[in-house]
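Peer 1: Please find one structure pasted underneath; my questions will follow.
Residue numbers (the numbering used here): 59 to 537.
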């Protein structure tokens, strides 16, 4: 009976798809990933074994899928249809013009729910609208422009880099954990009014002892959402959040309905705040990491940017949001880092109803593509940002000067777009710009330790994308 049921459902789905294609004049996109069960199984095994083989899910597998077309389809082992696209007009449709027809879907909640709960990143509809409205005032320009706490955190970052030795050079230091400490401190100060002072561990380490934090790797912790260690860690974080937002009085209401309601409010506040805290920490730290990877690899760009900074920013003056935004070469540098290393390289939407994507179907890829309710549509801004037909033959080269010209908005989406555009975009860019200015004012040179430039640098994937090999460097103090 089960086989018969599956066969009937498969036939009905194919019929629905064909009806939609006929009505909307759609054509199917190029098929990748195998046309039979065995080929699809081999592909799945390849994906599962990427850590063993050293392959990269984006540069080796997805880029191969999209080599001959900007929109493709594949079929999973259970027969489900998956669409993958890097076409700007399709992203514009999903994220903006057809926003209500595509949602984050149940899969995102299942993947991120154990960590982020039901929050702004794992919900849709009215709940998402309410969650976003709660946090929007926090990211006002006035709040972002208050950089006193950021100045203090940068001072601690410099201490964590360590003392200056012979020839004016610092010790060898891995900047990546220091950046995650820095962003956790600034994010907690920004959200709660008090820093967790995580950089203090790194400062002690620079003096002989201690340890550092690491980025959240969703892949290495997959399936651990119910483990005791995971629950204990989240409980510890939750206790701190409750302390900072001063909800302790809610748990003294006694037993009964009001007590249970209070616990529900506590849980919701914790999930809301934890989601924003993780996003603020990981997005900014990952971007900082890629910025200094590029500065370490490109000595000429380091020198050019430092010259501009010394001219535009006085050593002792405080900085403002407006000053950082008006420094054109700094903004061009940040844009180029975000183009080649977007902090969220892969994303997905699920069709909330039977609908279409504007292009991607047929031999020429110009026909609409039918999407049935429940069909997942994956998209990669990482691969879109590296398309030579969009960015030119030098698309894989790091060139901040390319931003002297304008590019269409929907082919550059480092912070997503539409109603769900990253709420903390300006906060992240301001923090990163501030760190770059202060460190380049203080240090006249930066050199990588044991790193050779490659077009496809190894990347870690979790809540964000970060340099998988760390960021071991040495600084030379300016005279």
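Where a beta carbon is used, it is the ideal one built from N, C-alpha and C, also for glycine.
Does the beta-carbon distance from residue 343 to residue 241 come in below 8 Å?
Peer 2: Closer than 8 Å, so yes.
Peer 1: Helix, strand or coil, according to DSSP, for residue 404 in the structure here?
Peer 2: Strand.
Peer 1: Going by C-alpha to C-alpha distance, which of 137, 156 and 123 sits closest to residue 143?
Peer 2: If we check each option's Cα against that of residue 143, 123 comes out closest.
Peer 1: According to DSSP, is residue 19 helix, strand or coil?
Peer 2: Residue 19 falls outside the range modelled here, since the chain spans only 59 to 537, and no answer is possible.
Peer 1: By a C-beta neighbour count over all protein chains shown, 10 Å radius and 16 as the cutoff for buried, is residue 443 buried or exposed?
Peer 2: Classification of residue 443: buried, given that the 10 Å Cβ count is 16 or more.
Peer 1: Measuring only the C-alpha atoms, how far is residue 412 from residue 386?
Peer 2: Distance between the alpha carbons of residue 412 and residue 386: 44 Å.
Peer 1: Looking at the secondary structure, which residues open and close the alpha helix (DSSP H) in which residue 518 lies?
Peer 2: No alpha helix (DSSP H) contains residue 518, which is instead part of the beta strand (DSSP E) from 517 to 519.
Peer 1: Is DSSP giving residue 306 helix, strand or coil here?
Peer 2: In this predicted model, residue 306 has a pLDDT of only 46, less than 50, meaning its place in the structure is not dependable; the value taken from the coordinates is given anyway. Note: residue 306 maps to helix in three-state DSSP.
Peer 1: Classify residue 399: buried if its beta carbon has 16 or more other beta carbons within 10 angstroms, exposed otherwise.
Peer 2: With 16 or more Cβ atoms within 10 Å of its Cβ, residue 399 is classed as buried.
Peer 1: Determine the direct distance from the alpha carbon of residue 469 to that of residue 249, and round the result to whole angstroms.
Peer 2: Rounded to whole angstroms, residue 249 to residue 469 spans 32 Å at the Cα level.
Peer 1: In three-state terms, what does DSSP make of residue 479?
Peer 2: If DSSP states are grouped into helix, strand and coil, residue 479 belongs with coil.
Peer 1: Would you check if the distance between the CB atom of residue 330 and the CB atom of residue 521 is smaller than 8 Å?
Peer 2: Going by C-beta atoms, residue 330 is not nearer than 8 Å to residue 521.
Peer 1: What does DSSP give as the partner residues of residue 532 in its beta bridges?
Peer 2: DSSP output for residue 532 lists 505 as bridge partner(s).
Peer 1: Consult DSSP for residue 209 and reduce its assignment to one of helix, strand or coil.
Peer 2: The answer is helix: DSSP assigns residue 209 an H, G or I state.
Peer 1: Is it true that the CB of residue 430 sits closer than 8 Å to the CB of residue 74?
Peer 2: Closer than 8 Å, so yes.
Peer 1: Would you grab the beta carbon distance between residue 556 and residue 360 for me? Rounded to a whole angstrom, and I think it's under 8 Å.
Peer 2: Any question about residue 556 goes unanswered here, given that the chain covers just 59 to 537.
Peer 1: Residue 197 and residue 485 - do their beta-carbons sit closer together than 8 Å?
Peer 2: In contact: residue 485 and residue 197 (Cβ atoms closer than 8 Å).
Peer 1: Are the beta-carbon atoms belonging to residue 202 and residue 401 less than 8 Å from one another?
Peer 2: No; because the gap between Cβ atoms is not below 8 Å, this pair is not in contact.
Peer 1: So the candidates are 66, 67 and 88; which of them puts its Cα closest to the Cα of residue 427?
Peer 2: The shortest Cα separation from residue 427 among 66, 67 and 88 belongs to 88.
Peer 1: Sort out for me which residues DSSP pairs residue 51 with in a bridge.
Peer 2: Residue 51 lies beyond the residue range present for the chain, which begins at 59 and ends at 537; the question has no answer from this structure.
Peer 1: If you draw a straight line from the alpha carbon of residue 410 to that of residue 158, how long is it in whole angstroms?
Peer 2: Looking at the two C-alpha atoms, the distance is approximately 7 Å.
Peer 1: Check whether the Cβ atoms of residue 261 and residue 213 sit closer than 8 Å, and answer yes or no.
Peer 2: Not in contact: residue 261 and residue 213 (Cβ atoms no closer than 8 Å).
Peer 1: How long is the line joining the alpha carbons of residue 62 and residue 101, rounded to whole angstroms?
Peer 2: Cα-Cα distance, rounded: 27 Å.
Peer 1: Going by beta-carbon coordinates alone, are residue 498 and residue 531 separated by less than 8 Å?
Peer 2: In this structure, residue 531 does not lie closer than 8 Å to residue 498 by Cβ.
Peer 1: Indicate the three-state DSSP secondary structure (helix, strand or coil) for residue 526 in the structure shown.
Peer 2: In this structure, residue 526 counts as coil in the three-state DSSP scheme.
Peer 1: When the Cα of residue 599 is compared with those of 226, 247 and 162, which residue comes out closest?
Peer 2: Because the chain is modelled from 59 through 537, residue 599 falls outside the range shown and cannot be assessed.
Peer 1: In the DSSP assignment, find the beta strand (DSSP E) that holds residue 90 and state where it starts and stops.
Peer 2: It is not in any beta strand (DSSP E) - residue 90 carries neither H nor E in the DSSP assignment.
Peer 1: Using the beta-carbon count (16 or more within 10 Å), is residue 280 buried or exposed?
Peer 2: Residue placement at residue 280 cannot be trusted, given a pLDDT of 46 that sits under 50; what the coordinates show is reported in the next sentence. Flag for residue 280 reads exposed.
Peer 1: For the region 433 to 443 against the region 134 to 148, are there 3 or more C-beta pairs whose distance is under 8 Å?
Peer 2: The region 433 to 443, when compared against the region 134 to 148, does touch it at the 8 Å Cβ threshold.
Peer 1: What is the rounded straight-line gap between the Cα of residue 139 and the Cα of residue 175?
Peer 2: Cα to Cα, residue 139 sits roughly 28 Å from residue 175.
Peer 1: Tell me whether residue 69 is buried or exposed, calling it buried when 16 or more other Cβ atoms sit within 10 Å of its Cβ.
Peer 2: Exposed, since its Cβ has fewer than 16 Cβ neighbours within 10 Å.
Peer 1: What's the gap between the Cα of residue 465 and the Cα of residue 393?
Peer 2: If I take the Cα positions, the gap works out to 11 Å.
Peer 1: Run through DSSP, which three-state label would residue 226 get?
Peer 2: In the structure shown, residue 226 sits in a helix (DSSP, three-state: H, G or I).
Peer 1: Taking the beta carbon of residue 351 as the centre, do at least 16 other beta carbons fall within 10 Å, making it buried, or is it exposed?
Peer 2: Classification of residue 351: buried, given that the 10 Å Cβ count is 16 or more.
Peer 1: Can you give me the C-alpha to C-alpha distance between residue 419 and residue 403, rounded to a whole angstrom?
Peer 2: Approximately 24 Å between the Cα atoms of the pair.
Peer 1: By alpha-carbon positions, which one of 502, 258, 96 and 108 ends up nearest to residue 135?
Peer 2: Checking every option, the nearest Cα to that of residue 135 belongs to 96.
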